[in-house]
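Below: one structure, written as C-alpha cells.
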Amino acid sequence: MSELEAMPPSVEELFPDVWRQLVVYAQVLADEGEKRGLIGPRELPRLWSRHILNCTAINEFIPEGAKVADIGSGAGLPGIVLAITRPDVHVTLVEPMERRSDWLYDINEVLKLENVWIVRARAEELHDQDEFGVVTARAVAALDKLMRWTMPLVAEGGRLAALKGERAQEEVDAALKVRRKFKVADTQVHEIPSLTEGEPPTRVVVVHR
C-alpha cells in the first residue's frame, strides 16, 4: 500500500492558522479516499504536492468574502481546500453523486467548517435558482462543456475559475463559440508556480462575465 506524502514544510509557513485542518483533511482522505472511490492508490505519494497545494493556486482569484460554488466537488478538491485556507469565503459544494456527497458531509463533520454548504445536484439543476460571485471546478470537463454547465450560475461581474492542465490555452481556443454565446467579458490563462519543488506550474483559466 502506498504511503501518504509527508506534508511539505511550506504548508505551515503559508497557512499558519489553518495548516492543522489541512493535515486532518489529508489524513482522512488518505485513509478513506480509495475505498470510497475518491482517489486512486497512486495519488497518496503526491496528495499534498499534486492535489492539495495545487488547489490553493485558485485562492488569489477569489475576492474577499466571495460567494463560491465548487462544481463536481468530489473529494473536496478544490472546494474543501478553499474553505479551509480562505475562511472569509462562503463555499457551496455541488456534487451529484451520492457516495461523494456523503463523503463531503462526513469530512465536514470532522472539520466543522462553518463556511461550507453541500448540495447534491448537477450544476444544471441550479440554473435560475442561485448565482455566485465565483464558480470553481477541477478535473470536471473540457472548458466548452464546463462553461455550458457553469456560466448560468455566475453572477453579472463574477467569474469562473477552473484549474486546468498544460492544454489550458487549447481548451480556451476550442471554447470560442460558447464564450461568444455567453458574451464573456474576458478569458485569461494564468500560470501559477508550484509551491512544491519539481512540480509543474498550475494553470487557472479565469472567465469573466
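FYI, full-length UniProt numbering numbers position 68 of the sequence shown as 68, with every residue one higher than the one before it. All C-beta atoms in this analysis are idealised placements derived from N, C-alpha and C, irrespective of residue type, glycine included.
The residues 142, 143, 144, in chain order, have a CB closer than 8 Å to that of residue 174 in the same chain once the five nearest residues on each side in sequence are set aside. In the structure shown, residue 186 falls within a strand segment according to DSSP collapsed to helix, strand and coil. In this chain, residue 70 is not harboured by any alpha helix (DSSP H); it is covered by the beta strand (DSSP E) spanning 67 to 71.
Counting along the chain, residue 83 sits inside no beta strand (DSSP E); it lies in the alpha helix (DSSP H) bounded by residues 79 to 85. Between residue 127 and residue 96, the gap from beta carbon to beta carbon reaches 7 Å or more. Take residue 201, set aside five residues on each side of it, and the residues of its chain with a beta-carbon closer than 7 Å to its own are 191, 192, 193, 194, in chain order. The region 58 to 65 and the region 31 to 49 do not touch, with fewer than 3 CB-CB distances between them shorter than 8 Å. When secondary structure is reduced to three states using DSSP, residue 181 falls in the helix class. DSSP places residue 132 in the strand class (E or B) of the three-state scheme.
Excluding the 5 residues flanking it on each side, residue 188 has same chain C-beta neighbours closer than 7 Å at 206, in chain order. Bounds of the beta strand (DSSP E) holding residue 161 are 154 to 164.
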